Amino acid sequence: MRVGRIILTLISLYLISFLVIRMAWAEVWAQDGKIYVILPESPLALYYAFRPLSMLDESLTGMGTHIGPHQ
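Position one of the sequence shown corresponds to residue 7 (my numbering), numbered consecutively onward.
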């Protein structure tokens, strides 16, 4: 029972943190008019940590993910 609650809490924190990042770092790229979540170049682990959710998010909403600013 206690382990299940800990796992549920960790999953909830993971989802909430992704949603916060998604809302805070979203921007529209002028060249294609699409919305992208711009993740920082460092630490790269942040990108890989949220990659599974960003792939799901992109397939559901069309919002892309990009590492660092568009050039």
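Ideal Cβ positions, reconstructed from N, Cα and C, are used throughout, including at glycine.
The structure displayed is predicted, hence computed values, not measured ones.
From what residue to what residue does the alpha helix (DSSP H) around residue i run?
i: A30; result: R8 to A30
i: E64; result: L50 to T67
Looking at the unbroken beta strand (DSSP E) that takes in residue i, where does it start and where does it end?
i: G70; result: G70 to I73
With C-beta atoms as the reference, is residue i less than 8 Å away from residue j?
i: F56; j: I27; result: yes
i: M61; j: I41; result: no
Using a Cβ-Cβ cut-off of 7 Å (strictly less than) and excluding sequence neighbours within five positions of residue i, which residues of its own chain qualify?
i: E47; result: I73 and G74
i: F24; result: F56 and L59
i: Y53; result: L45 and I73
So, helix, strand or coil for residue i, using DSSP?
i: E47; result: coil
Rounded to the nearest angstrom, how far is the Cβ of residue i from that of residue j, given a contact under 8 Å?
i: V43; j: T71; result: 5 Å
If you drop the 5 nearest sequence neighbours on each side, which residues of the same chain put their C-beta closer than 8 Å to that of residue i?
i: E64; result: G70 and T71
i: L50; result: I73
Residues in its own chain within less than 6 Å of residue i by CB, not counting five upstream and five downstream?
i: L14; result: none
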